[in-house]
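Heads up, the sequence shown is in this note's numbering, so the first residue is 414 and it goes up one at a time. Heads up, the beta-carbon is just placed ideally off N, CA and C, and yes, glycines get one too. In this text, all values refer to a predicted model and were calculated from it rather than measured experimentally.
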Amino acid sequence: MQRCWLFGLGMVLCAVNGLRASDPLSPRDAQSSFVLHPDCRIELVASEPDVIDPVHIAFAPDGKLWVVEYSDYPNGPGEGEPGKSRIRVLSDADGDGRYSDPVMFAEGLIFANGLMHWKDGVFVTTNGQVLFMRDTDGDGRCDETQQWFTGFATENPQLRCNHPTLGPDNKIYIANGLRGGSIMPGADYPWPNKRLPEPLNISGRDFRFDPQSGEYEAISGNGQFGLTFDDWGNRFVCSNRNPCNHIVLEEEHLKRAPYMRVSKVFEEVSPAGEKSKLYPISRTWTTSNLHANQFTAACGVTIYRGNALPDSFYGNSFTCEPTGNLVHRDILTPSGITFTSKPGRDGVEFLATKDEWFRPVNLAHGPDGALYVVDMYRAVIEHPQFVPEELKNRPDQLLGMDRGRIWRVVSRESRAESPEATANSQGPKAQTRTEDRGSRADSRQPMADGPRLADAGSSELVALLAHPNAWQRETARRLLVERRDAEVAADLRELLANREEGIGRIEALRTLQGIGALTADDLAPVDDAYVSGEFRLSELDELLLFEKLKLGQHMEAEPSPRERLVRWLQGGVQGPLRSHPRHSLMQQPQLKSALLSLTTWSEFAMVATAPELSSWMAMTPFLRQSHGHDAAPPWTLELIQVHAGGNLVEAWGQMFERGSNRELRDQLVTAIARKNDAKEVEQALQKLLEIDGEAALIKLIDGLPGGRNKLLQHLSKLPDESQQRFYGLVQRITASRNWNSVRSPIILGLVDDADSLEKLRTNSYRGSEALPAVLEALAMRPEPQSGSILAESLPQLPPAYRNQAITALATTPDRIHLLLDLVENGQLPALAIDPNIAKRLMGHADPVIKEKAVRLLKQAPPEDRVKVLAEYAACLTLSSDPRRGKQVFVKNCATCHKVGDVGVDVAPDISDSRTKTLEYLLTNILDPNRAIDNNFFSYTVVDTNGVTYTGILVSETGTSITLKQPEGKVVSLGRDEIEAMKNNGVSLMPVGLEKTIPPQDMADVISYIKNWRYLDGSVPEEVIGGSRSKD
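Printed below as a string of structure tokens:
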């Protein structure tokens, strides 16, 4: 189900008192209503009329506050009308911390939602484009607009490109918005010769471009509305149900291992979807009752790196949840190459309120180190496109389009001051030490005579690269990169050499790269102090080496920077040097993971300094910690594949020799199979047969695309001795064990001794633990008897496996006839065949099969049901009362169905019916057998005492079955207690409810099923109506 707010779908609707929406609060009252972390305080920065519908903010180097206003939301401009989005610039003239006096920089934009300062203008994301806009005559208004990129998807107002953000590599990152696009340079793109020959498809990926060279590319990740970095350069995004996703596998990783198949490139650092847990204090409402108190509209994720909150907040993630009227905080902890998280506080949010108009949609750092909250302040935040039909025209939908607030959150002890003043000051130099990057009040206090940041000289900007507030140091880096002042390189190298400057050293590297002055010597591993062991290694030393590894990836030098780093690090793990600081550095999870992701197997082999260091496997404690049954760190398998490149078999062999984690080895074997390189597969088969690696061999052959036939091709290329060993192994596996313990369908499919088919037949019925593998083996075996066994077992199969057998039979003509014969003979209900399979069979090229399938599967509804549905169609136009409908539901439906807290959960869940039409619900009530899920057929069981039970089969093992009956009764029987068991081929729901539910009651009960979630007053009364339901 897709759910969205403006960048996330949620959703909360406004609360109501009686027939009208709750009243908005004044900024003062709204501030009083906040419940905030006790160590922080919240201050108003700006409000209506100076700010309307804010969706994104950014502070300029002069401290002025730029606000993107999203007044197009939700429906956009009318046909032929100009856009309603604006960019306004606010100032704090008197230094009291409040911003006002807005100047209109640009208006008439369509769905503008983000901006980033660059040189004398701003990059703006709007209407599927990236524009560069600037004021050339100094009047504060944009008078020049350049279209740099176009082609981002625009079909949905909420899901559009957003958050232009300067990355640690000095490139600008754009979040996709989830809808992708085909990106092309725009009409004013400054580098015509850099245009790619074809539009760039970014489906499922984000976008990045270099504002200095014009190069652009798709990058892994798929952010919806939010994009942020941490000090390490890790990128985080968010989407509806995912509050904080860390992008683990970058595009360059995927290119180095193109065979690698991954279902996702990100780690869900914060619990997502149904695992997420929120603690709103307002009356919240979601379109799905299943999503209550969970993330449904996550947006604006930010890794906090300022210096105005308590020290412990540095590096925490903050995410807005506008539907819950709150901002959530998680504490991140490194775990291998990624992170784990825990809530900032148990059972309470960082920032929450009972004010149901508070709609936090974005967050930002300020020049003062504070965390800024962008509050769109609306009664309703969800878009009409993503709500049930009956809510699309609710009367309070547009309330709040004349409002908006910006809030500042700081430490409770922080001194009140103006961000504009802070932006115009370097701040005390003594506070640029890394140890002081916390929240002491004086770290935000500006020097009265400090230079304006926008006008600071290059040397002054270099000093700011070590500032404890990320806004200051990254703005300084951006200004230096824009200037490309080569003379500042000496100052940057002086900063790089100064161990007391901590984070400033990393920013110095990034700035050298950005101004084009980075050399191989700048990436040398360490200084003499490291070699002597004089300094204690810290996280920032690790980060410095990590940054050097990244920056050295593509630098051409002899020896390469990465090779020099590898040599140095290898020297720290050899015998007498194990006490060296380099060895302790190699224990750091981030750096160990970085070595795998940023270097290659061949590089380590090439620079080995001892025989035992012939590969990265010997020198990386990261893997040697994963012995025996210890779990390997997250993403280890993916990193090995990226690092090993075309050496997967050798990698597996190294891991086997060193006794590395078995699960990890098995996963790598599966990766070899999935890569499906003939040479590697044959090498792996040969090696596994030589070492008698039975478990790994089964993993390999079961993972091969093409299954049994592909394996036979590979085997045919092995020496005769290896082939004989393989078939001997197969015979030994199947002959020495109960087949219940064999889980490999290909192994079962290869056995061809005299009694193999009989063993397959014996294990093809309910109760066999090997059933999934047996069914798959029967599906792939070519002999006619295999199809007959499938057809024979199908009527008795548990619901969970019936579709597997049906799919296997719906393949060759002979097997299709066996399947249709089961239907014709009454052994299999026609409704048990998936509609897509039935449609394919009814259109089969073989006329005999086609005629037979149409005759058996294209069944018209029973005449009496057609008649009843026609008679009841008029009830859908009657006035209806969902409250009366609740009484009808309790009397007639609650013994099997559950809606909210009413009823018993036996039959399919119907509580989330917001997307179901009235006609659909009426048909399912009056003709319950028209379409039945295989998991909800009625079964009849007779026990050995002659007692009959009817219900839904909810559980089945080799020794027992469990039925669920009306009113939630549960019956469990041992198989030795069962005399007979039959699938009735019909729904448990009885036919003929029209006899007890007259048309008016039917209208009421359908209204209840559709509208039950609204009866608590969480939407205006007229939405659900005391009259007929609106669909």
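Need the endpoints of the alpha helix (DSSP H) that residue i sits in, please.
i: residue 580; result: Residue 580 -> no alpha helix (DSSP H), and no H or E assigned at all.
i: residue 1285; result: 1276-1285
i: residue 1358; result: Neither: residue 1358 is in no alpha helix (DSSP H) and is coded neither H nor E.
i: residue 750; result: Counting along the chain, residue 750 falls outside any alpha helix (DSSP H), and DSSP gives it neither H nor E.
i: residue 886; result: 883-896
i: residue 1262; result: 1260-1270
i: residue 872; result: 871-877
i: residue 1230; result: 1226-1237
Are the beta-carbon atoms of residue i and residue j separated by less than 8 Å?
i: residue 1080; j: residue 1050; result: yes
i: residue 735; j: residue 696; result: no
i: residue 661; j: residue 649; result: no
i: residue 453; j: residue 758; result: no
i: residue 1349; j: residue 1292; result: no
i: residue 510; j: residue 456; result: yes
i: residue 682; j: residue 776; result: no
i: residue 819; j: residue 768; result: no
i: residue 867; j: residue 514; result: no
i: residue 504; j: residue 522; result: no
i: residue 1317; j: residue 1307; result: yes
i: residue 579; j: residue 559; result: no
Please classify residue i as buried or exposed, where buried requires at least 16 other C-beta atoms within 10 Å of its C-beta.
i: residue 413; result: Since the first and last residues shown for the chain are 414 and 1444, residue 413 lies out of range.
i: residue 724; result: exposed
i: residue 1224; result: exposed
i: residue 781; result: buried
i: residue 1265; result: buried
i: residue 706; result: exposed
i: residue 365; result: What the structure shows of the chain is the stretch from 414 to 1444, and residue 365 is not part of that stretch, so it cannot be assessed.
i: residue 1415; result: buried
i: residue 1358; result: exposed
i: residue 482; result: buried
i: residue 491; result: exposed
i: residue 1198; result: exposed
i: residue 1214; result: buried
i: residue 1258; result: exposed
Could you work out which residue in the options is closest to residue i when comparing CA atoms only?
i: residue 1063; options: 1094, 1356 and 751; result: 1094
i: residue 585; options: 612, 1280 and 619; result: 619
i: residue 790; options: 1288, 464 and 1124; result: 464
i: residue 1354; options: 1337, 1330, 1385 and 1332; result: 1385
i: residue 1253; options: 1271, 508, 617 and 438; result: 1271
i: residue 1158; options: 1184, 1133 and 1141; result: 1184
i: residue 920; options: 878, 913 and 912; result: 878
i: residue 709; options: 637, 743, 766 and 668; result: 637
i: residue 752; options: 1047, 1077 and 1119; result: 1047
i: residue 1387; options: 762, 1372, 902 and 446; result: 1372
i: residue 1314; options: 1377, 1425, 1392 and 1234; result: 1425
i: residue 715; options: 732, 727, 722 and 721; result: 732
i: residue 1143; options: 1118, 1172 and 1111; result: 1111
i: residue 923; options: 900, 907, 887 and 911; result: 887
Looking at the secondary structure, which residues open and close the beta strand (DSSP E) in which residue i lies?
i: residue 1396; result: 1391-1400
i: residue 1157; result: It is not in any beta strand (DSSP E) - residue 1157 carries neither H nor E in the DSSP assignment.
i: residue 477; result: Element bounds for residue 477: n/a, residue is neither H nor E.
i: residue 515; result: 513-522
i: residue 660; result: 655-660
Identify whether residue i lies in helix, strand or coil by the three-state DSSP scheme.
i: residue 815; result: coil
i: residue 605; result: helix
i: residue 1113; result: helix
i: residue 370; result: For the chain, the structure presents residues 414 to 1444; residue 370 sits outside this window and is missing.
i: residue 1293; result: coil
i: residue 1197; result: helix
i: residue 619; result: strand
i: residue 1346; result: coil
i: residue 901; result: helix
Comparing the CB of residue i with every heavy atom of the ligand FMN, is any distance shorter than 7 Å?
i: residue 1047; result: No copy of the ligand FMN occurs in the structure displayed, which carries no ligand at all.
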